[in-house]
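K.L.:
Residue numbers (this note's numbering): 4 to 111.
(1) Is it right to say residue 97 is buried, meaning 16 or more other beta carbons lie within 10 angstroms of its own, or is it exposed?
(2) The alpha helix (DSSP H) with residue 27 in it runs from where to where?
(3) With residue 67 and residue 90 assumed to form a contact (beta carbons below 8 Å), what rounded beta-carbon distance in angstroms separates them?
(4) Quick one: residues in its chain with C-beta nearer than 8 Å to the C-beta of residue 62, no 5 flanking neighbours on either side, listed in chain order?
(5) Using 8 Å for Cβ pairs, my map puts residue 42 next to residue 65. What's the rounded Cβ distance?
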């Protein structure tokens with residue numbers, strides 16, 4: 004499959020015990036999120052990019068913030084943050100290292 008044939012790409016969320024947050028891949032994912040207007044303060048969940056190149060959409064989960072900018076608590080799941088699903092146009096493709104079958108995190 005060529006890059007032009009791809010219609011769905013997943014940017015997997017790193018597991019909690021992954022050193023991702025201390026590595027160079029973190030910076031590239033952070034820059035990618037910012038380039039697409041996605042807030043950096045989002046839950047650690049997979050992000051999906053759908054659609055043909057040039058007309059792609061990013062699907063992600065975001066925290067719901069109150070008027071004070073703090074994360075709201077989910078009234079149906081006490082103690083857990085309230086989240087919602089959001090979409091935004093994909094202006095910049097995700098870093099290839101996180102979308103290939105083997106990321107830098109898995110490389111020997």
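Even glycine gets a Cβ: it sits at the ideal position worked out from N, Cα and C.
P.N.:
By the coordinates alone:
(1) Locating residue 97 in the chain shown gives position 94, where the first residue counts as 1. It is buried - the Cβ of residue 97 has at least 16 other Cβ atoms within 10 Å.
(2) Taking the first residue of the chain shown as 1, we reach residue 27 at position 24. Run containing residue 27: 27–38, per the alpha helix (DSSP H) assignment.
(3) Here residue 67 refers to the residue found at position 64 when the chain shown is read from its first residue. Here residue 90 refers to the residue found at position 87 when the chain shown is read from its first residue. Rounded, the Cβ-Cβ distance is 15 Å, inconsistent with contact.
(4) One-based indexing of the chain shown puts residue 62 at position 59. So the qualifying residues of the chain are 50, 51, 52, 53, 88, 89, 90.
(5) As a position in the chain shown, residue 42 is number 39, starting the count at 1. As a position in the chain shown, residue 65 is number 62, starting the count at 1. Contact holds; Cβ gap of about 7 Å.
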